[in-house]
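Chemist:
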Amino acid sequence: MGAGLGAGLAILGAGLGIGRIGGSAMEAIGRQPEASGKIQTAMLIVAALLEGATLFAIVVCLLIALKLQ
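The numbering used here puts the first residue of the sequence shown at 744, with every later residue one more than the last.
1) Evaluate contact between the stretch 785–802 and the stretch 748–764, counting only Cβ atoms and requiring at least three cross-stretch pairs below 8 Å.
2) Among the residues of its own chain, which have a CB less than 8 Å from the CB of serine 839, if the five just before and after it don't count?
3) Spatial neighbours of glutamine 783 within its chain, please: CB distance less than 6 Å, with the 5 preceding and 5 following residues excluded, ordered by chain position.
4) Quick check on the DSSP output: the alpha helix (DSSP H) that includes glutamate 794 runs from which residue to which?
5) How far does the alpha helix (DSSP H) with methionine 707 in it extend, from its first residue to its last?
Listed below in structure tokens is the structure:
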């Protein structure tokens, strides 16, 4: 039960984080359209790192769930 809750929280956190990254990037591009390339690059790098951390959390939760059975 704890592993499922942990995986759910990891997904929830990733969704909120990526939504905030995207919203902030769009706001920054709206303020400085000439810097859109740099902003998009930074946004994609941060989103990829966030996805990597989320995947790691889900794998740990799955390992915990499989070990307990």
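Glycine residues also receive a C-beta, built at the ideal position from the N, C-alpha and C atoms.
Bear in mind the structure is a predicted one, so any value in this text is a computation, not a measurement.
Modeler: With the given structure in hand:
1) These segments touch.
2) Residue 839 falls outside the range modelled here, since the chain spans only 744 to 812, and no answer is possible.
3) As a position in the sequence shown, residue 783 is number 40, starting the count at 1. Excluding residues within five positions, none has a Cβ falling inside 6 Å.
4) As a position in the sequence shown, residue 794 is number 51, starting the count at 1. Element bounds for glutamate 794: 779–811.
5) With the chain represented from 744 up to 812, any question about residue 707 goes unanswered, as that position is not in the structure.
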